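**Student:** Per UniProt numbering, the sequence shown starts with residue 1, numbered consecutively. Ideal Cβ placement from N, Cα and C applies to all residues, glycine included. Just so we're clear, the structure is a prediction, and the values are computed from it rather than from any experiment.
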Amino acid sequence: MELESVPGVGAKTAAALRELDDPEAALRDGDVASLARAPGISEGRAARIARGAIRAEHDDPGGFTATKRAREIHEDALALLTDRTVTDYAAKRLETIYPSGVRSRIEEVRSFAESAMTREPDPAVLDALSAVEPLAEPGDVRVRDRCLATRDAERYADAQAAIPEVSVEVVDDARQLAELARSYSTVVALDEAFAGVDIEGDVRVEPNALEEPESVVPERVLTFFARNRDRIRAAAEVHRVADLDAPCDLETLLSALDQLDEDGGVSGDEELDRLATAVDDLDAAVSTAESVANDHLREAIEEQDVTIEGTDLLSLVERGAGVDSLLQRELADEYAAAVEKARDHLVDALALRDMEATARRAFPDEPAYPVEHSEDVVARLREELTAARDQRATRRKRELADDLAEMRDDAAALVDAALELDVELAIARFADDFDCTMPDVTESEGVAIEGGRSPLLDVLFDEVEPVDYAVEGVTVLSGVNSGGKTSTLDLVALVTTLAHMGLPVPAESARIGRISELHYHAKTQGTLDAGAFEATLREFGDLVADVDHRSPTAADGDGTAAGDDATADGDGPAGGTDDRPVMVLVDELESITEPGASAKIMAGILEALGERQATAIFVSHLARDISEAAETDISIDGIEAKGLENGELRVERSPVKGKLARSTPELIVEKLADDGTDDADGFYSDLLGKFE
1 MELESVPGVG
11 AKTAAALREL
21 DDPEAALRDG
31 DVASLARAPG
41 ISEGRAARIA
51 RGAIRAEHDD
61 PGGFTATKRA
71 REIHEDALAL
81 LTDRTVTDYA
91 AKRLETIYPS
101 GVRSRIEEVR
111 SFAESAMTRE
121 PDPAVLDALS
131 AVEPLAEPGD
141 VRVRDRCLAT
151 RDAERYADAQ
161 AAIPEVSVEV
171 VDDARQLAEL
181 ARSYSTVVAL
191 DEAFAGVDIE
201 GDVRVEPNAL
211 EEPESVVPER
221 VLTFFARNRD
231 RIRAAAEVHR
241 VADLDAPCDL
251 ETLLSALDQL
261 DEDGGVSGDE
271 ELDRLATAVD
281 DLDAAVSTAE
291 SVANDHLREA
301 IEEQDVTIEG
311 TDLLSLVERG
321 AGVDSLLQRE
331 LADEYAAAVE
341 KARDHLVDAL
351 ALRDMEATAR
361 RAFPDEPAYP
371 VEHSEDVVAR
381 LREELTAARD
391 QRATRRKREL
401 ADDLAEMRDD
411 AAALVDAALE
421 LDVELAIARF
431 ADDFDCTMPD
441 VTESEGVAIE
451 GGRSPLLDVL
461 FDEVEPVDYA
471 VEGVTVLSGV
481 NSGGKTSTLD
491 LVALVTTLAH
501 MGLPVPAESA
511 RIGRISELHY
521 HAKTQGTLDA
531 GAFEATLREF
541 GDLVADVDHR
551 SPTAADGDGT
561 AAGDDATADG
571 DGPAGGTDDR
581 PVMVLVDELE
591 SITEPGASAK
601 IMAGILEALG
611 ERQATAIFVS
621 HLARDISEAA
631 ETDISIDGIE
641 AKGLENGELR
651 VERSPVKGKL
661 ARSTPELIVE
671 KLADDGTDDA
681 DGFYSDLLGK
691 FE
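(1) To the nearest angstrom, report how far apart Ala15 and Val464 are at their CA atoms.
(2) Compare the C-alpha of Arg175 against each of Leu17, Leu27, Asp198 and name the closest.
(3) Note down the Cα distance separating Val447 from Ile636, rounded to an integer number of angstroms.
(4) Under 8 Å by Cβ, that's how I've got Ala278 and Ala351 pegged, so tell me the actual separation to the nearest angstrom.
(5) Using 8 Å as the threshold, is the stretch 443–462 in touch with the stretch 420–428, meaning 3 or more CB pairs across them?
(6) Using beta-carbon positions only, say whether Pro134 and Ala293 come within less than 9 Å of one another.
(7) Quick one: complete alpha helix (DSSP H) runs, 4+ long, within the stretch 581–623?
(8) I want to see whether chain D comes within less than 9 Å of Glu212, judged by CB atoms only; does it?
(9) Mark Phe683 as exposed unless 16 or more other C-beta atoms lie within 10 angstroms of its C-beta, in which case mark it buried.
(10) Which same chain residues end up closer than 6 Å to His345 when comparing Cβ atoms and leaving out the 5 residues on each side of it in sequence?
(11) Which of helix, strand or coil does DSSP assign to Ile639?
(12) Given that a residue counts as buried once 16 or more other Cβ atoms are within 10 Å of its Cβ, and exposed if not, what is Glu4?
(13) Could you please give me the residues that DSSP links to Ser509 through a beta bridge?
(14) Helix, strand or coil for Pro7 per DSSP?
(15) Which value, in whole angstroms, describes the spacing of the CA atoms of Pro121 and Asp409?
(16) Any idea what DSSP makes of Gly44, helix, strand or coil?
(17) Report buried or exposed for Ala412, applying the criterion of at least 16 other Cβ atoms within 10 angstroms of its Cβ.
(18) Rounding to the nearest angstrom, what Cα-Cα distance links Phe434 and Arg119 in this structure?
(19) Residues in its own chain within less than 8 Å of Gly8 by CB, not counting five upstream and five downstream?
(20) Whose C-alpha, out of Leu250, Leu543, Ile232, is nearest the C-alpha of Leu129?
(21) Evaluate Glu640 with the Cβ neighbour count: other Cβ atoms within 10 Å of its Cβ, from every protein chain shown; 16 or more gives buried, anything less gives exposed.
(22) For Val109, which residues of its own chain have a beta-carbon under 8 Å away from its beta-carbon, when the five flanking residues on both sides are left out?
(23) At a threshold of 8 Å, does Pro7 count as lining the ligand PLP (C-beta to nearest heavy atom)?
(24) For Met355, tell me which candidate among His373, Pro370, Asp365, Val378 has the shortest Cα-Cα distance.
(25) For Glu517, does the three-state DSSP call read helix, strand or coil?
(26) Are the CB atoms of Val187 and Gly201 nearer to each other than 9 Å?
(27) For Gly638, I'd like the list of residues in its chain whose CB is within less than 7 Å of its CB, leaving aside the five on either flank, ordered along the chain.
(28) Given this structure, state the Cα-to-Cα distance separating Leu414 from Leu27, to the nearest angstrom.
(29) For Asn208, does the count of other Cβ atoms within 10 angstroms reach 16, so buried, or fall short, so exposed?
(30) Three Cβ pairs or more, each shorter than 8 Å: is that satisfied between the stretch 178–187 and the stretch 139–155?
(31) I need the DSSP call for Ser685, collapsed to helix, strand or coil.
(32) How many angstroms separate the CA atom of Arg142 from the CA atom of Glu262?
(33) Go ahead and pull the three-state DSSP assignment for Val187.
(34) Alpha carbon to alpha carbon, how far is Ala46 from Val86?
(35) Name the DSSP beta bridge partners of Glu169, please?
(36) Run through DSSP, which three-state label would Val415 get?
So this is what it looks like as structure tokens:
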């Protein structure tokens, strides 16, 4: 797949997508999680790109939701699904599922949805999913204790691009390499020419380092896993609770994660911890050791009776001798014991082993009071400890990074599978909450719904009365006010939309003729002015002009239009084709102008749509007038009112085929006429006769 051929993908976005291991597969699979790992691509943007790629893959030009109300129905359907997701990712992933008239796309999603409906939405799984998020690249790793070195300017540029986390230096010879070794804990020479050169310090010659960046910067892998540790652990828990097949051994992965600290360092290594503690506590240990020695010496002096003869004292004074000489002469053994105590304390406090000899030289043998450490020796000890700590840390980081690098793809697959499970569970929960079934999407015209209940109504779903309704060709739906005509239209639109999304529908059963466009015109609030009225007529005129009989190739789904929008932003219908089976739903078009004119206009539109084998349902109170104005037979269905009871209208919600429903005023007049006491002079009976 050519990346820039995908709608919405330009040169800059294509370059970002090429940073992924397999961008074509991610686009083909609608893998929002993988696409969102590309630099600068958010989950929302990834969903839009995936949707465009899917349309391109199925040769789907878009335009299914051809009107504002049709788009609102799609948005409502999508909201019913996303409300049942746990993760933000799943909500974005569901946005790649859109209504389409292309059979291959419908079947693709149907297969996924049918599998999803077998999932059991276990509360424990949903709880585990709450901590799962797509893996994130750190992007801010910088390592300052090592560098790369090369003699080649071209390799210098390659190194900067391949391993941006460390500094890259250009050196001409071994002398300059040695200078770098004094400034960095580790220097990685990229040129074979430096092999065998004896340089003090940690200098490694690794000509293949750019092909194995983790060996130079294990922090790249470690930081990735440290930042994503909680997400990976949560995904592992989802697999455990949901009993999913994991792409790797979970115990091995979790054990490796336990060796990481929050910053990407190695934890649980006793030797590394000892060295790190020794570096941190060195000054305090030296100070305490001095105190130990001086306390011992002070006590010894206080307890010692020292006798100095006059000639000896005179000799000491003449030689300018001080207390050091006195200590050496009278308290040599006590001084030696005090220094030994200081040395022992320093070695024991820092748990020094390999560097014990250096540590003991920190307190010199020459008597002095107070006892003081040698700054040079302590500085050397600090350098040795720091070097040992850093080398141990780097070695352990490399070992752990090697282990984790092998599990990186598995960890990504683990998280992706958990996120995809949330998508499946959202569909399963939707199907379960609204008693859904998979519809039959056929090549025949019309729609047939049995036991359909709309979840869009502002009542509890359990209280929604089921509706049976079937339509072929063009029909006028009549009925009393508040009888459910608009709700029925919404139900037909929702079931049709969901079916073309490849998803289950809220009905006991449903058969939907495959269409390329859904035109749903909601009720207009108030009479339109002349300009708006003309625009409305032009819209229907354009629709009728573009719609034609379905060609013989329509059954195979090739070239049939559909999609979530008409343009990249979904602002209108796509251009006409030779094969455009459509459904037209209109709610009380008579409100746009005078009733008499409205009936004639609707009759003309229905006649034109009927001639072109479109499926159309027009809700209207002017059913009788439309029928009289039409030059061909137009079906009229009715939502029957059973009557009035305690002032409340009782309605049979399922439309009756071929029945012109009575209006609410007629029912009220009938009730008054039937009540003999209120109609003594036959006034109400005469009124009732006017309705015949």
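**Tutor:** According to the data block:
(1) 51 Å
(2) Asp198
(3) 16 Å
(4) 7 Å
(5) no
(6) no
(7) 595–611
(8) The question asks about chain D, but that chain is absent: this structure has only one protein chain.
(9) exposed
(10) Ala289, Val292
(11) strand
(12) exposed
(13) Glu450
(14) coil
(15) 27 Å
(16) helix
(17) buried
(18) 16 Å
(19) Arg48, Ile49, Gly52, Ala568
(20) Ile232
(21) buried
(22) Ile97, Met501, Gly502, Leu503
(23) Looking at this structure, you won't find the ligand PLP or any other ligand, since it has none at all.
(24) Val378
(25) strand
(26) yes
(27) Ser478, Gly479, Pro655, Val656, Lys659, Leu660, Ala661
(28) 19 Å
(29) exposed
(30) yes
(31) helix
(32) 16 Å
(33) strand
(34) 19 Å
(35) Ala149
(36) helix
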